[in-house]
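Peer 1: One structure is given below, represented as structure tokens, and several questions about it will come after.
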Amino acid sequence: MGIIFELTSAQEAEAKQWLEEHACPARELMEKKRRIPALGEQVRFVFIPTFLGIIAVVECACGAHHLLTDLSDL
Ligand SMILES: [Zn+2]
25 MGIIFELTSA QEAEAKQWLE EHACPARELM EKKRRIPALG EQVRFVFIPT FLGIIAVVEC
85 ACGAHHLLTD LSDL
């Protein structure tokens, strides 16, 4: 049996919105080169199991990251 980590649909939408809106040097560079990658090339999701619950984080290729779990929900 494995462990499956899931984003809620609200967290998925929040991740997409954050990726489009954060000031991103990596995206600027790719736009200058007219090479827009698929979302999967730019982003990774990190799940951190804690004793309070799973904390989900989205990380961009530029090094920026954004917390998807509302800590008050844990
Ligand atoms: Zn970025």
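The opening residue of the sequence shown carries number 25 in the numbering used here; numbering runs sequentially from there.
Glycine included, C-beta positions come from ideal geometry on N, C-alpha and C.
1) Please say whether Cys84 and Leu53 have beta carbons closer to each other than 8 Å?
2) Taking Val67 and Val82 to be in contact with their CB atoms under 8 Å, please state how far apart those CB atoms are, rounded to whole angstroms.
3) For His89, is the beta carbon positioned less than 7 Å from some heavy atom of ligand 1?
4) Per DSSP, which one or two residues make a beta bridge with Leu91?
5) Return the bridge partner residues of Pro73 from the DSSP annotation.
Peer 2: The answer reads as follows:
1) no
2) Cβ atoms of Val67 and Val82 come within 8 Å of each other, at about 6 Å.
3) His89: no, Cβ never under 7 Å from ligand 1.
4) Val81
5) Ile78
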